[in-house]
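**Q** Structure provided below as structure tokens; questions to follow.
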Amino acid sequence: MLGFLWQIWYNALEVIVMETKDAIRAFRTKKGLSQDELAEKVFVTRQAVSRWETGETVPSTDTLKELSRVLDVSMNALLGSPRTLICQCCGMPLEEDSLMSREPDGAINEEYCKWCYAEGKFVYQDLETLVDFLTGHMAGETMPPEQVRAYLENQLPKLRHWQKIKK
Ligand SMILES: [Zn+2]
Numbered sequence: 003m004l005g006f007l008w009q010i011w012y013n014a015l016e017v018i019v020m021e022t023k024d025a026i027r028a029f030r031t032k033k034g035l036s037q038d039e040l041a042e043k044v045f046v047t048r049q050a051v052s053r054w055e056t057g058e059t060v061p062s063t064d065t066l067k068e069l070s071r072v073l074d075v076s077m078n079a080l081l082g083s084p085r086t087l088i089c090q091c092c093g094m095p096l097e098e099d100s101l102m103s104r105e106p107d108g109a110i111n112e113e114y115c116k117w118c119y120a121e122g123k124f125v126y127q128d129l130e131t132l133v134d135f136l137t138g139h140m141a142g143e144t145m146p147p148e149q150v151r152a153y154l155e156n157q158l159p160k161l162r163h164w165q166k167i168k169k
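Numbering (the numbering used here), first residue to last: 3 to 169.
Laid out in structure tokens, this is it:
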């Protein structure tokens, strides 16, 4: 578990954050809505819209549904296209179905990797534990632990699982 793993995570997290913010701004402008007007329609503050569009945060799943209705585009389109499917808890790219989690009844849950969500339960109860674990596995000679940790602490809270918990 060396530098390459870090690079894969890094790329995946950059892609999702960047594309979502660009997509929201683009669809909002196309509809001729100001940040204020969109905020009102999806029941959030203008600051929240502004934070999505600067990439500071991403909308929760519920808000994405509202945005999809108001802007008349799919949730997938709002998340950027092509969307890189990543675990919404740890940011791991989910390139194969075999990496995805499953519900207790066997149905695939494509929101999470199988290490973060198993048998209907989330493995990591808090962000700190997850950051510790990932930092331990990803840090290497090219990427010192402090740097990996700082990056993950900044990016992981943007993923939907941690957004939901914050609410
Ligand atoms: Zn995960």
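Beta carbons: idealized from backbone N, C-alpha and C, even for Gly.
Note that the coordinates shown come from a computational prediction; the quantities given were computed from them, not determined experimentally.
CB of W8 to nearest heavy atom of ligand 1: below 7 Å?
**A** In the sequence shown, the residue the question calls residue 8 occupies position 6. No.
**Q** Taking contact to mean at least 3 C-beta pairs separated by less than 8 Å, is the region 148–164 in contact with the region 52–69?
**A** yes
**Q** List the endpoints of the continuous beta strand (DSSP E) containing S36.
**A** By 1-based counting over the sequence shown, the position of residue 36 is 34. Here S36 belongs to no beta strand (DSSP E), and DSSP marks it neither H nor E.
**Q** Which one of L136, L7 and A14 has the shortest CA to CA distance from I88?
**A** In the sequence shown, the residue the question calls residue 88 occupies position 86. Ranking L136, L7 and A14 by Cα distance to I88 puts A14 first.
**Q** State the start and end residues of the unbroken alpha helix (DSSP H) segment that holds M102.
**A** Your numbering for residue 102 matches position 100 in the sequence shown. It is not in any alpha helix (DSSP H) - M102 instead sits in the beta strand (DSSP E) that spans M102 to R104.
**Q** When every heavy atom of ligand 1 is checked, does at least one fall within less than 7 Å of the C-beta of Y114?
**A** Translated into the one-based positions of the sequence shown, residue 114 becomes position 112. Yes, the beta carbon of Y114 sits closer than 7 Å to at least one heavy atom of ligand 1.
**Q** Taking all protein chains shown into account, do 16 or more other C-beta atoms lie within 10 angstroms of the C-beta of S103, making it buried, or fewer, making it exposed?
**A** The count along the sequence shown starts at 1 and reaches residue 103 at position 101. Under this definition S103 is a buried residue.
**Q** Given Q149, which residues of its chain have a CB within under 6 Å of its CB, disregarding the five upstream and five downstream residues?
**A** As a first step, residue 149 must be located in the sequence shown, where it is residue number 147. Nothing listed; no residue qualifies.
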